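Quick mapping for you: the protein sequence lines, in order, are chains A and B.
The numbering of the first sequence is my numbering, which starts it at 132 and goes up by one.
The numbering of the second sequence is my numbering, which starts it at 3 and goes up by one.
Where is the CB? At the ideal position from N, CA and C, for every residue including glycine.
Owing to the predicted nature of the structure, the values given are computational and were not obtained by experimental measurement.
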Amino acid sequence: DAKTTQPPSMDCAEGRAANLPCNHSTISGNEYVYWYRQIHSQGPQYIIHGLKNNETNEMASLIITEDRKSSTLILPHATLRDTAVYYCIVRGDTGGFKTIFGAGTRLFVKA
Amino acid sequence: DTGVSQNPRHKITKRGQNVTFRCDPISEHNRLYWYRQTLGQGPEFLTYFQNEAQLEKSRLLSDRFSAERPKGSFSTLEIQRTEQGDSAMYLCASSLSIPKQFFGPGTRLTVL
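Printed below as a string of structure tokens:
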């Protein structure tokens, strides 16, 4: 699975959009980009995933660049409850599906 | 969808004791995973089951660790002769035959 690079931490004002970047320059053609988040003392929570098209669900939007070497997770109206560690993961859709987590981005949403 | 449950949520034990954790996955999920997470780090993969078969084990899973999923439903993770370095959050996740995983709340182990 391709390696990802994320900033260690970011701040965002409550009510504003939070844009979390992820670099995955070694991604291969059959690998998906997944985002999970982990709120303090809880298990990780799936947010969204995509292959090459932009995706949106009730939690967030995922923007993947045309060359697929980077992506951005967008929380359109961040709330205090969105304060968490956000993990960007790249992996294929075959095999055991184990998830290799990096250190993630710690997002602080401030009032 | 009642979610993935784990028991106990917290366990404090003395060094050298054995501990066992239980994970109940989402009922129709055929894949089950165990991860370990230490403070400030992302979760690390330990092992993976498809139905009752244990198909993959990390080198982190020393011979003191054993995991079972006897009937392809719940799973147990046992640690024998615990060491202080085993103190961590132990996370269980389950999935269907797609990579989207659902995680439980974890069991926090403290070895004194």
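Practice prompt. Please confirm whether B/Ala-95 and B/Tyr-50 have their CB atoms less than 7 Å apart.
Written response: Position 93 of the second sequence, counted from the start, is the residue given in the question as residue 95 of chain B. Position 48 of the second sequence, counted from the start, is the residue given in the question as residue 50 of chain B. No. Outside cutoff.
Worksheet item: Does the pairing of the region 204-218 of chain A with the region 135-153 of chain A give three or more beta-carbon distances under 8 Å?
Response: yes
Discussion item. So that I know if they touch, is there some Cβ in chain B lying closer than 7 Å to that of A/Ala-191?
Written reply: Position 60 of the first sequence, counting from 1, holds the residue named residue 191 of chain A. So no, A/Ala-191 is outside the interface.
Worksheet item: So B/His-61 is in the beta strand (DSSP E); what residue range does that whole segment cover?
Response: Within the second sequence, numbered from 1, the residue matching residue 61 of chain B stands at position 59. Sequence inspection shows Arg at residue 61 of chain B; the His mentioned does not correspond to that position. Element bounds for B/Arg-61: n/a, residue is neither H nor E.
Worksheet item: So, do the region 6-19 of chain B and the region 222-237 of chain A have three or more beta carbon pairs nearer to each other than 8 Å?
Response: no
Worksheet entry | Neighbouring residues, chain A, relative to B/Phe-47 (Cβ below 8 Å) | If you number the second sequence from 1, residue 47 of chain B lands on position 45. Result: Lys-229, Thr-230 and Ile-231.
Worksheet entry | Nearest candidate by alpha-carbon position, reference A/Thr-135, set A/Ile-170, A/Arg-199 and A/Cys-143 | Mapped onto the first sequence, residue 135 of chain A falls at position 4. The candidate whose alpha carbon is nearest that of A/Thr-135 is A/Arg-199.
Worksheet item: Counting contacts by CB-CB distance shorter than 7 Å, is A/Gly-174 in contact with chain B?
Response: Locating residue 174 of chain A in the first sequence gives position 43, counting from the first residue. Yes, because at least one Cβ of chain B sits closer than 7 Å to the Cβ of A/Gly-174.
Worksheet item: Are the region 51-63 of chain B and the region 161-176 of chain A touching by the rule of at least three beta carbon pairs closer than 8 Å?
Response: no
Practice prompt. Please look up how many angstroms separate the CB atoms of B/Glu-85 and B/Arg-17, rounded, as I've assumed it's under 8 Å.
Written response: Translated into the one-based positions of the second sequence, residue 85 of chain B becomes position 83. Translated into the one-based positions of the second sequence, residue 17 of chain B becomes position 15. So it is a contact: roughly 6 Å between Cβ atoms.
Practice prompt. With 7 Å as the threshold, decide whether the Cβ of A/Asp-224 is near any Cβ in chain B.
Written response: For the purposes of this step, residue 224 of chain A is taken as residue 93 along the first sequence, with counting starting at 1. Cβ-Cβ to chain B under 7 Å: yes for A/Asp-224.
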